[in-house]
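Take 1 as the starting number for the sequence shown in UniProt numbering and just add one per residue. Just so it is clear, CB atoms sit at the ideal spot from N, CA and C, and this is done for glycine as well. Taking it in order: structure first as structure tokens, then the write-up.
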Amino acid sequence: MLVESTAYVPLSDKWTLAFGVEYNSLSTDESSLPPLAYPDINLRGIPTNRYQGNYTSSYQSQIMYQINPRWHVSVFAGIGGASGVNNDSASDMFEDMEYAYGAGFRYMIARRYGLHFGMDFGFSEDDSAFYFNVGSGL
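Shown next, in the form of structure tokens:
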């Protein structure tokens, strides 16, 4: 089961605050699933499938500044947790949360459709990553 929500809050003509929440769970009697079948923490700066479990949650926010009609810059941060391995319960995902943060920029490549292309630089305790994005990033 995947539940996710994203909200964008304009603070002024130039500033926008964004929030994203994701909860993912896997409920099955199958004991020999492949590793990629399990949900993972979904944050920029944390590698895909690095932290997995039967239950995962990710919470992130991003603030964006519009330099001109085509260019935006942003900073972001998030936390996430995973549990459900070794008979953990869903509430155990909040005991050992992982964090990530970073910055990026967007360029509006199709003004007619409001389509943005950009890059993000994400960092976490153990890793860093470079992302190409189409859209807002959340």
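{"Check": "Among Y99, V3, M108 and N54, which residue has its Cα nearest to the Cα of S27?", "Outcome": "N54"}
{"Check": "Assuming contact is defined by CB atoms lying nearer than 9 Å, are G118 and H72 in contact in what I supplied?", "Outcome": "yes"}
{"Check": "Under 9 Å, do Y107 and D120 count as touching if we go by C-beta distance?", "Outcome": "no"}
{"Check": "In three-state terms, what does DSSP make of L36?", "Outcome": "helix"}
{"Check": "Under the DSSP definition of a beta bridge, which residues are partnered with D120?", "Outcome": "G104 and Y131"}
{"Check": "Taking C-alpha atoms, which residue in P10, T56 and R44 lies nearest to A37?", "Outcome": "T56"}
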